[in-house]
Amino acid sequence: MPGTEYFGAEEKREVNEVLETGCLFRYNHEHLRQGMWKATEMENEAKRFTGAKYAHAVSSGSTAVTTALAAAGIGYGDEVIVPPFTYLATIEAVIWMGAIPVFADIDETLCLSVDGIKKALTPSTKAICLVHMCGGAADMDGIMKLVKEHNLVLVEDAGQALGAFYKGTSVGLFGKSGAFSFDFFKITTAGEGGLCITNDEAAYDIMHQISDHGHSHLGNNRGMETHPIFGQNFRISELHAAIGKVQLQKVEKIRADKRANKAVLKARLAEVDGITFRHMDDPEGDSATFLNFFLPTQELAQKTMDQFAADGIAGFNYWFTNMYHFINQWDHIKNKNSASKLPFHVLDCPQDYNNLDIPKAQNVVGRLISLGVRGTWTADELQALGDKMVASLKKVLG
Ligand SMILES: Cc1ncc(COP(=O)(O)O)c(C=O)c1O
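As numbered in this note's numbering, residues -8 to 389 make up the sequence shown, in order.
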């Protein structure tokens, strides 16, 4: 699954170039760099691949989501609709920005649904932080219609979905701002790293300013220029950016390999009665990082996971019980446990997080199993994995 599968001489060369110059900082020090600006080069690759007008690399996907929210003007007291099925970072980012997360239901797209969002709307809803889960896009036609009707701000957490497009447009470009992760587990990795994209110049200015203590930056230089806003240090290092740049140069190849392998395994699973697949409005736009399938019931999904383990097949996620991706395990968030007082402790919140009405999410995530798709599987490995999966599933489903 992760881009590390594709690490080669190119990543090593780029990292060595940074080490040889000794310039690990993305700004200034022109005399050291021998013309190399790895963060800028990574951003240029991101613009090329996604078609975004602006891209800004940061230290992680988590800081990218925070930066994207800030760039979209989300702040103190704003109600932001979020999914209960995502990585924790989405919710954390909303809370760190001083906003109020409002959970809405999802559907078989694995993303927020139009119906779910409609039910969660209040007169104070300001924004949606939409998460494109498990490598594929949400129902963007339906969601964009709703966004326009209700005059909402859309921010896209595409932490898991670099490489996913919807009817030709990259995820991250439907709303005001979008965020990607380059952590160790993603289709392209920098070890740690993140990236924000936007087509809006003002939003881009906030991105680079807020992620570097509010500096307004003169090109790649920072020094005596003004601070239009205050910020933080969410900067990416040149070492990480060097790897991120090369991985972005490889993303088309990585995605093509994954798509081919996923198609083979999906066809194998389709042999098994009772298995259904994640709904995607535009399957052509899939990044193919995961093969997502549903069992008829939550009980059968759990049994399947046990059977896969007993049969020695690895690489599956059962998000329903994992600690990071589903609200059932987020007691610290539901109980608002934090180190210090934050706006969501004192402001009105339209929901009791311990009594949320999200039946579809419970059903969908309870039945969902996701297999991380590797691009480097050989034909023999694919065949063997397909055989084993089908055999295990038949034991469970009869
Ligand atoms: C949807 C989503 N958003 C944000 C993040 C955070 O990214 P990072 O681990 O790079 O901070 C992740 C990480 O898995 C994610 O899946």
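All C-beta atoms, glycine included, are put in the ideal place defined by N, C-alpha and C. Given the structure is predicted, the values throughout are model-derived calculations rather than measurements.
Taking 7 Å as the line, does the beta carbon of residue i fall inside it for any heavy atom of ligand 1?
i: A80; result: yes
i: T57; result: no
i: G89; result: no
i: Q151; result: yes
i: V392; result: This structure leaves residue 392 out entirely; the chain is present only between -8 and 389.
i: S278; result: no
i: G(-6); result: no
i: D174; result: yes
i: T77; result: yes
i: S53; result: yes
i: G185; result: yes
i: K148; result: Before going on, a small fix: residue 148 reads as Asp here, not Lys. Yes, ligand 1 has a heavy atom inside 7 Å of this Cβ.
Would you check if the distance between the CB atom of residue i and the CB atom of residue j is smaller than 8 Å?
i: L112; j: E147; result: no
i: L145; j: G166; result: yes
i: N283; j: C125; result: yes
i: V364; j: N252; result: yes
i: L164; j: A37; result: no
i: L137; j: K109; result: yes
i: Q342; j: V93; result: yes
i: T(-5); j: T180; result: yes
i: E2; j: I245; result: no
i: R226; j: S202; result: yes
i: L359; j: F285; result: yes
Apart from the five residues just before and just after residue i, which ones in its own chain have a Cβ nearer than 7 Å to its Cβ?
i: Y78; result: G150, Y315, H316
i: F281; result: C125, G126, S361, L362, G363, V364
i: L230; result: V6, V9, L15
Beta-carbon within less than 6 Å of residue i's beta-carbon, same chain only, minus the 5 sequence neighbours each way: which residues are those?
i: S51; result: E183, G185
i: G306; result: L362, G363
i: P287; result: G265
i: G377; result: L256, R259
For residue i, I'd like the list of residues in its chain whose CB is within less than 8 Å of its CB, leaving aside the five on either flank, ordered along the chain.
i: Q320; result: T312, N313, M314
i: H141; result: L112, T116
i: N326; result: Y344, N345
i: K393; result: Look at the range of the chain in this structure, -8 to 389, and you will see that residue 393 is not part of it.
Exercise. Which residue spans inside the segment 7 to 68 form an unbroken beta strand (DSSP E) run of at least 3?
Worked result: With a minimum length of 3 residues, the unbroken runs of beta strand (DSSP E) contained wholly in the segment 7 to 68 fall at 45 to 49.
For this session: Only counting runs of 4 or more residues, tell me where the alpha helix (DSSP H) segments fall wholly within the segment 239 to 298, in order along the chain.
Result: Whole alpha helix (DSSP H) segments, 4+ residues: zero.
For this session: Note down, one range per segment and in chain order, each beta strand (DSSP E) of at least 3 residues found wholly within the segment 146 to 223.
Result: 168 to 172, 185 to 189
Exercise. Which full runs of the alpha helix (DSSP H) of 4+ residues lie inside the segment 73 to 134, going along the chain?
Worked result: 79 to 87, 105 to 111
Exercise. Could you give the uninterrupted runs of the alpha helix (DSSP H) lying entirely in the segment 343 to 382, keeping only those of 4 residues or more?
Worked result: For the segment 343 to 382, whole alpha helix (DSSP H) runs of length 4 or above, ordered along the chain, are 350 to 358.
Problem set entry | Unbroken stretches of the alpha helix (DSSP H), 4 residues or longer, contained in the segment 296 to 337 | 322 to 325, 334 to 337
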